[in-house]
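Q: FYI, in this note's numbering the residues of the sequence shown are 48 to 227.
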Amino acid sequence: MYGKEIKKILVSKEAIAKRVAEMGEQISNDYANQKITLVCTLRGACVFFADLMRAIHGDVEIDFIAVSSYGADTKTSGEVKMVKDLSEPIKGKNVIVVEDIIDTGVTLSYLKKLLLAREPKSLKICTLLDKPSRRKVTFEGDYVGFEIENEYVVGYGLDFDQQMRHYPDVCVLSPEVYEG
Ligand code: IMP
Numbered sequence: 048m049y050g051k052e053i054k055k056i057l058v059s060k061e062a063i064a065k066r067v068a069e070m071g072e073q074i075s076n077d078y079a080n081q082k083i084t085l086v087c088t089l090r091g092a093c094v095f096f097a098d099l100m101r102a103i104h105g106d107v108e109i110d111f112i113a114v115s116s117y118g119a120d121t122k123t124s125g126e127v128k129m130v131k132d133l134s135e136p137i138k139g140k141n142v143i144v145v146e147d148i149i150d151t152g153v154t155l156s157y158l159k160k161l162l163l164a165r166e167p168k169s170l171k172i173c174t175l176l177d178k179p180s181r182r183k184v185t186f187e188g189d190y191v192g193f194e195i196e197n198e199y200v201v202g203y204g205l206d207f208d209q210q211m212r213h214y215p216d217v218c219v220l221s222p223e224v225y226e227g
């Protein structure tokens with residue numbers, strides 16, 4: 048179903064659905080009888096977020112935040128800027144930040160520090176994908192869907208230059224796409 052921009056499917060939509068259901072179950076158990084505020088990091092986590100929140104039972108509120116560290120290429124700029132802040136205060140709340148991927152760790156380190164300063168009751172990080180070999184700063188997710196190798200992936204919310212987010216599977220981008 049994909050063109051030559053895709054090298055291969057890395058995580059199929061079926062495997063994603065199975066893992067998201069497990070993660071939802073785990074979060075539901077960990078927060079039994081407690082309210083959760085799920086924070087979606089725009090834009091990459093939007094597809095994962097929509098699936099994950101429906102896999103959680105219990106009281107869930109949602110909010111959105113956007114920070115950016117990437118330009119129109121596959122290498123991090125190392126700079127993070129706030130693009131859109133949360134709509135509600137998080138003081139005293141159980142917050143779970145939902146991210147698409149932890150790569151260098153720069154974005155989430157920044158975000159975690161920023162959100163902790165607002166004194167939530169608890170703060171956890173949930174990511175669909177994790178590329179531990181790419182870290183520039185020490186950072187660990189609390190809930191991790193899949194650990195992957197150092198390959199640039201697109202689909203299920205993840206983009207290359209704002210394209211391919213709508214692909215249903217997590218796919219490896221063909222190197223020719225970004226090598227020109
Ligand atoms: P970090 O600050 O390097 O951890 O970058 C995190 C952000 O970079 C993610 O939220 C993604 O938006 C983007 N990113 C990192 N690796 C990939 C990838 O393989 N595909 C698409 N986006 C990526």
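By construction, the Cβ of each residue, glycine as well, lies at the ideal position given by its N, Cα and C atoms.
1) Count the other CB atoms within 10 Å of the CB of K140; is the residue buried (16 or more) or exposed (fewer)?
2) Assuming Y203 contacts F95 (C-beta within less than 8 Å), just tell me the rounded distance between them.
3) Does DSSP put N76 in a helix, in a strand, or in coil?
4) Report yes if the C-beta distance between V58 and D206 is below 8 Å; otherwise report no.
5) For V228, collect the residues of the same chain with a Cβ closer than 7 Å to its Cβ; drop the 5 residues on either side in sequence, then sort them by chain order.
6) Indicate the three-state DSSP secondary structure (helix, strand or coil) for L161 in the structure shown.
7) Determine the burial state of A119: buried for a count of at least 16 other Cβ atoms within 10 Å of its Cβ, exposed for fewer.
A: According to the data block:
1) buried
2) 7 Å
3) helix
4) no
5) The first residue shown for the chain is 48 and the last is 227, placing residue 228 beyond what the model contains.
6) helix
7) With a pLDDT of only 49 at A119, under the threshold of 50, the placement of this residue in the model should not be trusted; the figure read from the coordinates follows. It counts as exposed.
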